Structure formats: structure tokens, C-alpha cells
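Please read the structure below before turning to the comments.
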Amino acid sequence: DEDDEGNDTNGLNAFTTYAMTVVCQLEARGMQLEISFDSNVVDPEQVGRMAQQLECVLRQVCTEENSSVALQDIETVSPQDLRDIWTWNATVPEAVDVCVHDLIAEQTAKQPDSPAICAWDGELTYQELDELSTRLAHQLVGLGVGPNVIVPLCFEKSMWTPVAMLAVMKAGGASVAMDSSQPEERLRSIVQQVEPIVVVSSAANEALAGRLAMAPVLVVDSQHLSRLEGNDKARTRLPRVKSSDILYIAFTSGSTGTPKGAIITHGNFSSAIHHQQAILGFNSRSRVFQFASYAFDAAWSNLLHSLTCGGCLCVPSDSDRRNNITASMEHMEVNYCDLTPSTARLIDPASVPRLETLILAGEAISVDDVQRWPSHVKVVNAYGPAECTPDSTFQIILGHSASPCIGRGVGVNTWVVNAQNHDRLVSVGITGELFLEGPIVGLGYLSNEERTGEVFTKDPPWLLRGGPDFPGRRGRLYKTGDLVQYNADGTLIFVGRKDTQVKIRGQRVELGDVEHHVRLGLCTNGDTRLVVAEHKWGGGSRGTKANDRGVRGEVGRGIAGIHDTERLHSDRQDADVGDRKDG
Numbered sequence: 005d006e007d008d009e010g011n012d013t014n015g016l017n018a019f020t021t022y023a024m025t026v027v028c029q030l031e032a033r034g035m036q037l038e039i040s041f042d043s044n045v046v047d048p049e050q051v052g053r054m055a056q057q058l059e060c061v062l063r064q065v066c067t068e069e070n071s072s073v074a075l076q077d078i079e080t081v082s083p084q085d086l087r088d089i090w091t092w093n094a095t096v097p098e099a100v101d102v103c104v105h106d107l108i109a110e111q112t113a114k115q116p117d118s119p120a121i122c123a124w125d126g127e128l129t130y131q132e133l134d135e136l137s138t139r140l141a142h143q144l145v146g147l148g149v150g151p152n153v154i155v156p157l158c159f160e161k162s163m164w165t166p167v168a169m170l171a172v173m174k175a176g177g178a179s180v181a182m183d184s185s186q187p188e189e190r191l192r193s194i195v196q197q198v199e200p201i202v203v204v205s206s207a208a209n210e211a212l213a214g215r216l217a218m219a220p221v222l223v224v225d226s227q228h229l230s231r232l233e234g235n236d237k238a239r240t241r242l243p244r245v246k247s248s249d250i251l252y253i254a255f256t257s258g259s260t261g262t263p264k265g266a267i268i269t270h271g272n273f274s275s276a277i278h279h280q281q282a283i284l285g286f287n288s289r290s291r292v293f294q295f296a297s298y299a300f301d302a303a304w305s306n307l308l309h310s311l312t313c314g315g316c317l318c319v320p321s322d323s324d325r326r327n328n329i330t331a332s333m334e335h336m337e338v339n340y341c342d343l344t345p346s347t348a349r350l351i352d353p354a355s356v357p358r359l360e361t362l363i364l365a366g367e368a369i370s371v372d373d374v375q376r377w378p379s380h381v382k383v384v385n386a387y388g389p390a391e392c393t394p395d396s397t398f399q400i401i402l403g404h405s406a407s408p409c410i411g412r413g414v415g416v417n418t419w420v421v422n423a424q425n426h427d428r429l430v431s432v433g434i435t436g437e438l439f440l441e442g443p444i445v446g447l448g449y450l451s452n453e454e455r456t457g458e459v460f461t462k463d464p465p466w467l468l469r470g471g472p473d474f475p476g477r478r479g480r481l482y483k484t485g486d487l488v489q490y491n492a493d494g495t496l497i498f499v500g501r502k503d504t505q506v507k508i509r510g511q512r513v514e515l516g517d518v519e520h521h522v523r524l525g526l527c528t529n530g531d532t533r534l535v536v537a538e539h540k541w542g543g544g545s546r547g548t549k550a551n552d553r554g555v556r557g558e559v560g561r562g563i564a565g566i567h568d569t570e571r572l573h574s575d576r577q578d579a580d581v582g583d584r585k586d587g
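So the sequence shown is numbered by this note's numbering: it starts at 5 and just counts up by one.
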């Protein structure tokens, strides 16, 4: 090409060292732009969008009627971008008005003799699980449990944990599943927020449960449940539970040092099941390995998806979970697994030939995380904050490639918003904060209206306005705090965090939580300064590393991630205890 003066621009374009160059030339009646780019680096469709975005800005700043408009008020989203964004989020996914235990009851009616639980300490069919959980539910109602009454569960990995979880559902209660191996101080902090009328525990954790709360401890094992047979049905009636009632509360790291409880309703999770179960690959043949700690919502995902699709939940012992994952999976004939990438790296694919579906979540994935698995294994990259059920977006990985792409929302709309000004959307390809809208968005945080108001929002102006050919609407959304970009097809690229939250083996930890317990561990009355050195890791994740000698013991009494690190170091094991992206 030649410019108006006859200069050859092809040579410049051919030999430029930049991935993209923009040449602007003023003319009598406007401006001519020439964009040259390397298609190996920059997607041609994205270049076209950038040209439209630039045109959108120039038309605003170069017109007389906009001469007094402040730069911060210039709209950077082109009409085409806005139309596409609204096309991807045109309607809110359907909300499902049903309770989770009713979905499980449907499977029990279809296949009462099929295996529901295959655990290291015993097995249960759907009929047996239903009968045992119903007995326990009647007893819980007799103790005062009803709709939205919160019940802490204190169990090691066991066949009895699913029985207790289902019993609390049938009684109308809301479960708080706790990992008994976590620091006692952290567990006590959770129980104090809940103020329970009863704690349900395994026999092994009865003493611990008694120390955590001034409430009676109900021990669940085979002997206790056999004594209940036929006793309670005549004395109590199970309540009517609504889909708006609380299903469970997942406690996550809090920036003030106190864990915060994310509330998920039956309707939230039933909607997730309705929209996500097929894409996740759950079916009646699924034998799902429950690796996740009970403290994290991935354990709920494994349990509830398994039992509502007619599959079997495979529960290893805590020892096998930490030290013998592969042998445990093969012994239980597992064909479905949900792990962090770093945990999946510990498994030799040849040693688990039955595996058909692998969900990777909680950390960025690498190319090798995908390529090492044979082609018959379906690999899914999953993302989701605990505040919106365990999973929100999915990317089925094809062609043995990997990228920071977390796919598109399933059962939820995904909006990318200006991270500094939540009243404005950002253009396709521009980094912004991810907002989630839809029936899987939870109620908020337990007894924390201030924090709930900060991260759950209603009716942002861009939602009320709508877009080209799309009417506006009202809505409630969750601000994830995660930075993402839209791809040209509406899928999302994960970029990082906008705050000081970090991930430890897939488990989210607030640095403020660490600081709080470090200060307690220092036991100083003088001024202190805490310096956190951050290191950029691959895939947009952030990690921290410090010399923890001398403070690990004190800090570990209050923070689950650090405590677990100490335990795993002592076991000479690098297996993950975190479970997925928890937000």
C-alpha cells in the first residue's frame, strides 16, 4: 500500500517488530486508520472489535455536542460489542423450584437397589440411604431442627456423612459440613457464628464436637441408627421444605480473620443440577470419587450431583485420600473425578484406566495437565465461587490444548464490568471484574449484612438500560472479585484477582486472614509491620512463599490452609486439600 504522498507502507508493515501497529492519518473530512497485526499473536476478529471500539470513542470525542464530556464519561463499548454481550446474556436461566432431597427421592424410586454410597467403611443402596436418613431426620425434628435451622456436621470421611447430610435436608435444616482435621480454633469460630441447637458428629469426633459448642452432640453410626428403627415416625412429622430454604452454608476465609459463611438454598443447587449436570457428564453409571474435604463446596457438588443422577459416591478414608489416591480410585472402580490440577498431577493416568471424566478446578491448568490424559478421558476446566454453588462456568477441553479459558456460564449469566466503576461494562477483550447473574447466585453471608451488601448488588444501570434490540431488566448479581476478559465467542479468559485473595492448592485464602493470625502468633504489644512478598505464577494465579519457621504452629491453629500444609509436609505428601476455585 502507498499513502497519499506515494510512500510505500508495505515494507513498514512487513518488517515491524510489534504485534500490532496503528497508523492514523488526518484528512480533510475525518481520519484514516490503518491497522497492521501479526495474526499469530492477535486474533483477527479481536482486531476488528478494537477498530470498532476506537471508532466509537473517536465519534464521541470529535463531535461538537460532546466537546464538554469528561474522559471518564466516554463510552468505550462499541454498539457491536454491546449487542454481542447482550446476545450472550439475553435471558436469565430458568430457576428450578424443587428441593434437592426430592430429586434424590426420585432416583430412589427408580432404582432402590442400586449402589448410592461406596465408602471405605461400608456401602449403601439408595433404599438403605433413604431409610437411614429418614430415621435420623425424625430424630432431628424431635430435637428442634426445622426449616433454616443450622446444623454443624463434624465427620471424617465416612459412609455416615452422606446419611447425616440427607437427614438434615429432610428435617428442613441447613448443614455446615466441617473437616474435623482443620484447626480447632477455626472450627470453633464457625460454630460460634452458627449458634447450633445440636451438633451431628461421628463417634470418632464426639469429644471434638463437644468442645466446639454448648449444644448436645448427636452421634451417628450403625448402632445409633439401628436403635432408631421404627421409633420416631410415630412421634414426629417431617416438615414441608421450600426451595427458598437454606441447603448448606460454606465457610470461606475472611479478611478479618473470621470465616464467612456463604448461604446456598435448595433452589440454587437444584437450578445448578438442572443446567449443569449434563455438561459435567454425570449419569447413572457415574462412580464419583469424593476427594474434596467436607469443609469445601466441591464435596457438596460430588454428593448431590451423584445422588440426583442415580450414580454412586465413592468415599475413601482420610488416610487413603492423602496417601493412596490412585489405589483407592481403582479399588472403588471410580470413573469420575473432581480434582485440583496439582492433585491430578500425582496420578498416573495408566493406573486409573476406568476414569472417563476429570473435572479440573481451583487452579490454572497447563497444557501438560491435559495432554497427559488419554483421549477417552473427558477433561473439563471448571470455575465457580462458593457464593454461587460450586461451579458457574465450564470449558470442555478439546484437542489436548489448554489456556486460561474458563468457558462460558452454565445456569448463570456472565457480565464483565469495569473493576473501578461497577456502573459500566467493558468491551470484549478488555479486562474487567466478573459479575454473575442467575438462579445459582446465593443469598449472601450468614449474619453479615455489611459484607453481603458489598459483594451482592441489585439493578446496576447497564442492566436496567439493556442493549441494542434487548430490553433492560432488573436483577441481582454477585461481584466475584475475579478479573476476566471476554473472548470473541463469549467465553471467558481468567486473568487474576482484583484484591489480596490468593489460592493455596485450590483453596482460597484472604491475606488479611493470614495477617490476623500472624499478629496473634507474634504475641507482641508493640508496633508490627507485616510484609507480604507476592510472586506471579503461571496462568494468572498468585502465590506466596515465606519462611514460616517459628510461626507456622501458631498461625496454623487458625487458618485451614496453613494447618493443612503443616500436616501434609509431615506426611511427606504434596497432595492438595483444596478443592476448586471457591471464589
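Backbone N, C-alpha and C fix where the C-beta goes; we use that ideal spot for every residue, glycine too. All of these numbers come straight from a predicted model, not from anything done at the bench.
Nearest-angstrom Cα distance between residue i and residue j?
i, j, result
"Gly150", "Cys103", "14 Å"
"Ala302", "Leu429", "31 Å"
"Tyr340", "Val292", "5 Å"
"Ala23", "Glu49", "15 Å"
"Ala213", "Leu191", "9 Å"
"Pro464", "Gly436", "15 Å"
"Gly315", "Val224", "24 Å"
"Ile566", "Gln197", "Reliability fails at Ile566, whose pLDDT of 43 lies under 50, so the model's placement of it is uncertain and the value that follows must be treated cautiously. Their backbone Cα atoms lie some 22 Å apart in a straight line."
"Pro263", "Asn44", "46 Å"
"Pro408", "Glu391", "22 Å"
"Thr21", "Ala296", "48 Å"
"Arg325", "Asp352", "15 Å"
"Leu147", "Val202", "8 Å"
"Pro394", "Thr129", "26 Å"
Quick one: what's residue i bridged to in DSSP?
i, result
"Val221", "Val203"
"Gln489", "Ile497"
"Gln122", "Strictly speaking, residue 122 in this sequence is Cys, with Gln absent from that position. Glu127 and Cys318."
"Met35", "Leu30"
"Glu441", "Asn417 and Leu481"
"Val356", "Paired residues: none, contrary to the question."
"Ile434", "None, per the DSSP bridge assignment."
"Ala266", "Ala254 and Tyr449"
Which term fits residue i, buried or exposed, when burial requires 16 or more other beta carbons within 10 angstroms of its beta carbon?
i, result
"Ser288", "exposed"
"Leu402", "exposed"
"Met54", "buried"
"Gly542", "Note that Gly542 has pLDDT 39, beneath the 50 cutoff, so the model's placement of it is unreliable and no number is given."
"Lys174", "buried"
"Met35", "exposed"
"His105", "buried"
"Arg412", "buried"
"Met182", "buried"
"Lys540", "Note that Lys540 scores 46 on pLDDT, short of 50, meaning its location in the model is unreliable; the coordinates nonetheless yield the value given after this. Classification of Lys540: exposed, given that the 10 Å Cβ count is below 16."
"Met218", "exposed"
"Ser275", "buried"
"Ile400", "exposed"
"Arg231", "exposed"
"Ala254", "buried"
Return helix, strand or coil for residue i, following the three-state DSSP convention.
i, result
"Gly510", "Residue confidence is low: Gly510 scores 48 on pLDDT, short of 50, so the model does not pin down where it sits. No coordinate-derived value is stated."
"Thr95", "coil"
"Val167", "helix"
"Val374", "helix"
"Ser179", "strand"
"Asn385", "strand"
"Asn44", "coil"
"Ala331", "helix"
"Gly52", "helix"
"Asp395", "coil"
"Leu364", "strand"
"Met24", "strand"
"Val156", "Checking the sequence, you will find Pro at residue 156 rather than Val. Here Pro156 sits in strand by DSSP."
"Ile410", "strand"
"Phe300", "coil"
"Phe273", "helix"
"Arg428", "coil"
Of all Cβ atoms in chain B, is any one closer than 8 Å to the Cβ of residue i?
i, result
"Val383", "Absent from the structure is chain B; it holds one protein chain and no more."
Since residue i contacts residue j with CB under 8 Å, what's their CB separation in whole angstroms?
i, j, result
"Leu170", "Ser137", "4 Å"
"Ala123", "Met163", "4 Å"
"Gln64", "Ser82", "Between Ser82 and Gln64 the Cβ distance is about 11 Å, and since that is not below 8 Å, they are no contact."
"Val350", "Val381", "The displayed chain sequence assigns Leu, not Val, to residue 350. The pair is not a contact, with the Cβ atoms about 16 Å apart (cut-off 8 Å)."
"Gly415", "His279", "3 Å"
"Arg501", "Asp486", "6 Å"
"Gly176", "Val100", "Wrong, their Cβ atoms sit about 18 Å apart, outside the cutoff."
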